[in-house]
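Numbers in our numbering are just positions in the sequence shown, counted from 1, shifted up by 3.
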Amino acid sequence: MDVLSEVLTASGVTASSGVRIVGGGEWGMMRPEWTDAALYGVISGEGVVVTREDGIRTFAEGDVFLMPSGIAHILASSPTTEAAMCDGQTVIRAQHSGDFMRLGHGPTTAQLVAASYSRDTLAPLPWFQHLPDVIHVRAESTGARTAATLHLLDLELQELGAGSRVIIDRLVDVLLANALRSWTNGETDCESSLWRALRDPVVVSAVAAIHRDPSHAWTADALAKQAAVSRTTLNRRFETATGEGPATYLTRWRMNLAARRLRDSDDSIENIANETGYTSVYAFSRAFRREMSAPPAQFRRHSRVA
4 MDVLSEVLTA
14 SGVTASSGVR
24 IVGGGEWGMM
34 RPEWTDAALY
44 GVISGEGVVV
54 TREDGIRTFA
64 EGDVFLMPSG
74 IAHILASSPT
84 TEAAMCDGQT
94 VIRAQHSGDF
104 MRLGHGPTTA
114 QLVAASYSRD
124 TLAPLPWFQH
134 LPDVIHVRAE
144 STGARTAATL
154 HLLDLELQEL
164 GAGSRVIIDR
174 LVDVLLANAL
184 RSWTNGETDC
194 ESSLWRALRD
204 PVVVSAVAAI
214 HRDPSHAWTA
224 DALAKQAAVS
234 RTTLNRRFET
244 ATGEGPATYL
254 TRWRMNLAAR
264 RLRDSDDSIE
274 NIANETGYTS
284 VYAFSRAFRR
294 EMSAPPAQFR
304 RHSRVA
């Protein structure tokens, strides 16, 4: 069971746009707070990313930046460079023409690919809520896969053709997945996070079992057996890594799956309850309302309108 793939799929993470950025001389761009997350890959050169929350981070060729919460930030050649507000119309024209966004004047000093991605907010999982505002994955951590993806993405953005939109979106998905994999394999920024849990084989075994069969009547003993440890060890390591116990995570995962089914299918509430491990609609409805702040039928109506 590939837990990272499961999380990305269930969270509805999808690329939404991509554009090339070329900086010359002293250059800078300010992006305001936005609903979509920002993703940058550095093709060549160097510069800085500045946020109020995280301060100044320098970047170099091969680095990847993620801003999962869509916070406001500045992309610039140096911390003292004056940055102009990002022009949305310029971005759109560049996307449609295969051209690049030109920032600053003079010889080229940096080239980047910029993209954004969104996630499904109607069926919230705790995974993305635990990501820091800024994730910086340096070139030495990303490896050859990310370098190759950046090169292909840069080429596709330059030479638009039939199927380019699909290709660009898939390449951004690959870039995001590779960056998150590199980040979770290193020292994560969160002391207690579901992402940090991916580095603990005991916790991963329990999470994978839940994902593989969410309708199973999982108990702490059964999950501990899957991980080949005692119940006490599983609970301690799960809570240390994630800040919550296996039972809480099981409920959250089931409710996420149920929420997506309620919104995206016409399956009966009884069927959804059975397939998420509940023997009665009443028990399922109580758990769903407690987690999602609305009963299933009401959630189905409101989420479809939204």
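Cβ atoms here follow ideal geometry from the backbone N, Cα and C, with glycine treated the same way.
Same chain, Cβ closer than 7 angstroms to residue i, neighbours up to 5 away in sequence not counted
| i | result |
| --- | --- |
| T254 | A290 and E294 |
| G73 | E36, W37, T38, D39, A40 and A41 |
| R257 | P217, T279 and G280 |
| D57 | D136 and V137 |
| A261 | I275, T279 and F291 |
| E242 | G248 |
| S144 | S185 and G189 |
For residue i: DSSP bridge partner residues
| i | result |
| --- | --- |
| L78 | M32 and V52 |
| S121 | T17 |
| F131 | BP columns for F131 are empty, so no partner. |
| S47 | Q114 |
| A87 | M32 |
| I59 | V53 |
Residue i (DSSP reduced to helix, strand or coil)
| i | result |
| --- | --- |
| V67 | strand |
| T111 | strand |
| V137 | coil |
Residue i Cβ short of 6 angstroms to the ligand MN heavy atom set
| i | result |
| --- | --- |
| H305 | What this structure holds is no ligand at all, so the ligand MN is not there to describe. |
Beta-carbon contacts of residue i that lie in its chain and below 6 angstroms, excluding the five residues immediately before and after
| i | result |
| --- | --- |
| A273 | Checking the sequence, you will find Glu at residue 273 rather than Ala. Excluding residues within five positions, the ones whose Cβ falls inside 6 angstroms are V284. |
| V10 | W130 |
| A230 | V205, S208, A209 and L237 |
| A117 | V22, I24 and Y43 |
Neighbourhood of residue i by C-beta, 8 angstroms cutoff - its chain only, sequence neighbours within 5 removed
| i | result |
| --- | --- |
| G27 | R105, L106, G107, H108, G109, P110, T111 and T112 |
| Q92 | none |
Any C-beta of chain C under 7 angstroms from that of residue i
| i | result |
| --- | --- |
| A41 | Judged by its chain identifiers, the structure shown contains no chain C, having just a single protein chain. |
>> Restricting to runs no shorter than 4 residues, where is the alpha helix (DSSP H) found entirely within the stretch 252-303?
In response: Entirely contained in the stretch 252-303, the alpha helix (DSSP H) runs reaching 4 residues are, in chain order, 272-278 and 284-295.
>> What ranges does the alpha helix (DSSP H) occupy inside the stretch 158-239, keeping only unbroken runs of at least 4 residues that lie completely in it?
In response: Counting whole runs of 4 or more residues, the stretch 158-239 contains the alpha helix (DSSP H) stretches 167-188, 197-200, 204-215 and 223-230.
> Do the stretch 174-182 and the stretch 16-25 meet, that is, are 3 or more Cβ pairs less than 8 angstroms apart?
Replying inline: For the pair of segments examined, the stretch 174-182 was found to touch the stretch 16-25: the number of CB pairs separated by less than 8 angstroms reaches three.
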